[in-house]
Amino acid sequence: MLYGIVMDTIRDGILRSYGAIMWKRIVKEVNLPFETFEFYSRYDDNLLIKICDCMIEILNDGTRDTYLEFFGTNFIHYFYRCGFDKILRVAGRTLRDFLFVIDELHDSNRYIFPQMKHPLFHVTEENEKGATLIYK
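Take 1 as the starting number for the sequence shown in the UniProt record's numbering and just add one per residue.
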């Protein structure tokens with residue numbers, strides 16, 4: 001299940017990059033009974049996949065991974081625009097630092113989002129070229 005705040009980052013990304021007409025078309029094609037998401041409500045994970053598939057069909061371009069990456073990038077931009085960047089900055093000065101504390105960051109939100117089942121992240125390998133991140 002995805003909380004509405006995550007789904008709103010998706011809606012925001014589509015509105016900013018493709019416009020309101022595109023978002024309204026997705027709402028219609030996916031049979032959403034609403035155009036906005038309630039931050040603390042939960043939505044089925046499959047809704048994200050349906051939106052990706054709908055975008056592939058409408059735009060006749062890309063793959064699920066294309067749009068999942070787009071949504072992930074917008075997720076970060078959304079949080080910065082909303083002022084949540086302060087939380088991210090406290091979590092670490094570098095991406096490496098952030099990856100090592102992301103589970104604690106999720107845990108700190110358990111009171112705001114009590115039914116959240118957050119993913120677990122574990123860095124298994126690290127070198128000068130990058131890191132291997134296990135996501136469960």
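We treat Cβ as the ideally placed atom computed from N, Cα and C, and that holds for glycine.
| Asked | Found |
| --- | --- |
| Take F34 and list the residues in its own chain whose beta-carbon comes closer than 8 Å to its own, dropping the five residues that flank it on each side. | V27 |
| Classify N74: buried if its beta carbon has 16 or more other beta carbons within 10 angstroms, exposed otherwise. | buried |
| Can you give me the C-alpha to C-alpha distance between F79 and F39, rounded to a whole angstrom? | 13 Å |
| Compute the distance between the beta-carbons of S41 and G13, then report whether it is under 8 Å. | no |
| If I'm right that L99 touches L133 with Cβ under 8 Å, what's the distance once you round it to whole angstroms? | 6 Å |
| In terms of alpha-carbon separation, which member of C54, T63, V6 and L2 lies closest to W23? | C54 |
| In whole angstroms, what is the alpha-carbon distance linking I49 and I56? | 11 Å |
| Helix, strand or coil for V6? Go by DSSP, reduced to three states. | helix |
| Whole angstroms are fine: how far does the CA of T36 sit from the CA of P119? | 25 Å |
| With distances taken between CB atoms, is the gap from Y43 to L2 smaller than 8 Å? | yes |
| Can you give me the start and stop residues for the alpha helix (DSSP H) that residue 138 sits inside? | The structure shown does not extend to residue 138, since the chain is modelled only from 1 to 136, so the question has no answer here. |
| Looking only at its chain, what residues have a beta carbon closer than 8 Å to the beta carbon of E126, apart from the 5 residues adjacent to it on each side? | R96 and T132 |
| So is C82 buried or exposed if we call it buried at 16+ other beta carbons inside 10 Å? | exposed |
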